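Peer 1:
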Amino acid sequence: MKYLSIENELNYSKKRYEFTKEIESIFIKNNYIQIKPSIFEDYENFIAINKRTPTKSMVKIVSDKILVLRPDITTSIIKSLIPRWEDNLVLKLFYHSTVYKNEGKEGIKEIRQFGCEYLGEISMEADREIVNMSLDILKKFGEKFILEIGNSNYINGLLSELNLKEHQENKFKSLILRKNKIEIKDYMEKIKLKEEIKETLYNIFELNGCIEEVISKAKKLYTNDLMKKGIEQLEEISELLKESECKKYTNCDLSMVGKFDYYEGIMIKGYYANVYKEILSGGRYDSLTEEFGRRVPAIGFCIDVDGLMEASKR
Numbered sequence: 001m002k003y004l005s006i007e008n009e010l011n012y013s014k015k016r017y018e019f020t021k022e023i024e025s026i027f028i029k030n031n032y033i034q035i036k037p038s039i040f041e042d043y044e045n046f047i048a049i050n051k052r053t054p055t056k057s058m059v060k061i062v063s064d065k066i067l068v069l070r071p072d073i074t075t076s077i078i079k080s081l082i083p084r085w086e087d088n089l090v091l092k093l094f095y096h097s098t099v100y101k102n103e104g105k106e107g108i109k110e111i112r113q114f115g116c117e118y119l120g121e122i123s124m125e126a127d128r129e130i131v132n133m134s135l136d137i138l139k140k141f142g143e144k145f146i147l148e149i150g151n152s153n154y155i156n157g158l159l160s161e162l163n164l165k166e167h168q169e170n171k172f173k174s175l176i177l178r179k180n181k182i183e184i185k186d187y188m189e190k191i192k193l194k195e196e197i198k199e200t201l202y203n204i205f206e207l208n209g210c211i212e213e214v215i216s217k218a219k220k221l222y223t224n225d226l227m228k229k230g231i232e233q234l235e236e237i238s239e240l241l242k243e244s245e246c247k248k249y250t251n252c253d254l255s256m257v258g259k260f261d262y263y264e265g266i267m268i269k270g271y272y273a274n275v276y277k278e279i280l281s282g283g284r285y286d287s288l289t290e291e292f293g294r295r296v297p298a299i300g301f302c303i304d305v306d307g308l309m310e311a312s313k314r
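Under the UniProt record's numbering, the residues of the sequence shown are numbered 1 to 314, in order.
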């Protein structure tokens, strides 16, 4: 971020500090402990797990092997903790740190993030807590916001019907992430698909709105057990939201695709009015822990701090 004067920079820094303290207080109130993640990631290991992350967007450092300045904090934390995991351990962690992105001619972008990870809790209580904290944080900094809820099992189940090669599936996910309906239709023309799968895939963006209505529509469209599992998990979240006064701030989007590939189950994205990108994002990622030797229940989210500050001005 560029500043017009030293005074502007100091005023912004003061405001950011106040924001981070307010976010931190919500995590501490819920018994989360701060952790400091590593700044470096092994390049080969990272891209093996996060296949859709463009390699040109990574900030690479070449020594005896290629490292990257971390593009994602969750991967860094899980890599550190899971090899040392103990039975019956439950951890509630939060962080305030930075991820890095290579933007070519624009240089290296530093993205300040606040986030949390709830590890080892298999019950729906963890999902409830993460959703409620997301709503608490969004509500604290603005009145016009929405928390979108999706489920990766539904999308992954749908794409599994296509029998695509890995790069083709990644292409589809990227198109869905960008909500590019025209390119999706063009891409489908190149692949022989069952008519019912083609119809569901083309109309995936219609599965958006009130969670009960989306569930009702999705029940008529699922074609395999993984998609059914996604619907059942949404029904559980729907039950949790019935008890929340913040339900009016939620929306369901079954076309939701995460920036990273490791989500497995519930996904969330938080938006403010008149802001073009998500300010908060996260979900359940039990499968990521398996990449480091052990399957552990895991769910969390991160907040773009500078994005949050910008949204709060509008």
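Virtual Cβ for every residue (Gly too), placed ideally from N, Cα, C.
Just so you know, these numbers come straight off a predicted model, no measurement behind them.
List the endpoints of the continuous beta strand (DSSP E) containing F145.
Peer 2: Where F145 is concerned, the enclosing beta strand (DSSP E) stretches over F145 to N151.
Peer 1: Does DSSP put L175 in a helix, in a strand, or in coil?
Peer 2: Three-state result, L175: helix.
Peer 1: Which one of P37, S174 and M188 has the shortest CA to CA distance from F114?
Peer 2: Comparing Cα positions, the closest option is P37.
Peer 1: Take the Cβ of F40 as the centre, count every other Cβ of all protein chains shown within 10 Å, and call the residue buried at 16 or more, exposed below.
Peer 2: F40 comes out exposed.
Peer 1: Cα separation between R112 and D304?
Peer 2: Going by the C-alpha atoms only, they are around 6 Å apart.
Peer 1: Just to confirm my understanding: we take L147, look at its own chain, exclude 5 residues before and 5 after, and list those with CB closer than 7 Å. What are they?
Peer 2: The residues are S134, L135, L138, Y249, T250, I268 and G270.
Peer 1: My output table needs one value for V257: the three-state DSSP class, helix, strand or coil.
Peer 2: DSSP places V257 in coil when its eight states are reduced to three.
Peer 1: Under 8 Å, do A218 and L207 count as touching if we go by C-beta distance?
Peer 2: Yes, the pair counts as a contact, with Cβ atoms nearer than the cut-off.
Peer 1: Tell me G107's beta-bridge partners as DSSP assigns them.
Peer 2: According to DSSP, G107 bridges with nothing at all.
Peer 1: With the cut-off set at 8 Å, would you say Y95 and Q34 are in Cβ contact?
Peer 2: Yes, Cβ-Cβ distance for Y95 and Q34 is below 8 Å.
Peer 1: Could you name the residues that DSSP lists as bridge partners for R112?
Peer 2: Answer by DSSP bridge pairing, in chain order: T98.
Peer 1: Considering only their Cβ atoms, is the gap separating E239 from I215 smaller than 8 Å?
Peer 2: No, they are not a contact pair.
Peer 1: Fully enclosed by the segment 182-207, which alpha helix (DSSP H) runs are 4 residues long or longer?
Peer 2: DSSP runs (the alpha helix (DSSP H)) wholly in the segment 182-207: 195-202.
Peer 1: Any idea what DSSP makes of I237, helix, strand or coil?
Peer 2: Helix, per DSSP.
Peer 1: With a Cβ-Cβ cutoff of 8 Å, do N153 and E264 count as a contact?
Peer 2: In contact: N153 and E264 (Cβ atoms closer than 8 Å).
Peer 1: Assuming I82 and G283 make a contact with CB atoms under 8 Å, what is their CB distance in whole Å?
Peer 2: About 18 Å; that fails the 8 Å criterion.
Peer 1: Just to confirm my understanding: we take E22, look at its own chain, exclude 5 residues before and 5 after, and list those with CB closer than 7 Å. What are they?
Peer 2: Around E22: K140.
Peer 1: Report the start-end ranges of each beta strand (DSSP E) in the segment 64-98 that is 3 residues or longer and not cut off at the edges.
Peer 2: DSSP runs (the beta strand (DSSP E)) wholly in the segment 64-98: 66-69.
Peer 1: Could you tell me if Y276 is buried or exposed, where buried requires 16 or more neighbouring beta carbons within 10 angstroms of its beta carbon?
Peer 2: Flag for Y276 reads exposed.
Peer 1: Is the Cβ-Cβ distance between Y187 and G300 less than 8 Å?
Peer 2: Cβ distance not < 8 Å, so Y187 and G300 don't count as in contact.
Peer 1: If you reduce the DSSP assignment to three classes, tell me which class M309 lands in.
Peer 2: DSSP places M309 in helix when its eight states are reduced to three.
Peer 1: For A126 versus P297, is the C-beta spacing smaller than 8 Å?
Peer 2: Yes, the Cβ-Cβ distance between A126 and P297 is below 8 Å.
Peer 1: In chain order, what residues of the same chain have a beta carbon less than 7 Å from the beta carbon of R52, not counting five sequence neighbours either side?
Peer 2: Result list for R52: N170, K173, S174 and D261, in chain order.
Peer 1: Using three-state DSSP, classify I33 as helix, strand or coil.
Peer 2: Reduced to three states, the DSSP call for I33 is strand.
Peer 1: Give me the Cα-Cα distance between K242 and Q233, rounded to the nearest whole angstrom.
Peer 2: Their backbone Cα atoms lie some 15 Å apart in a straight line.
Peer 1: What is the rounded straight-line gap between the Cα of I122 and the Cα of K29?
Peer 2: So the two alpha carbons sit approximately 21 Å from each other.
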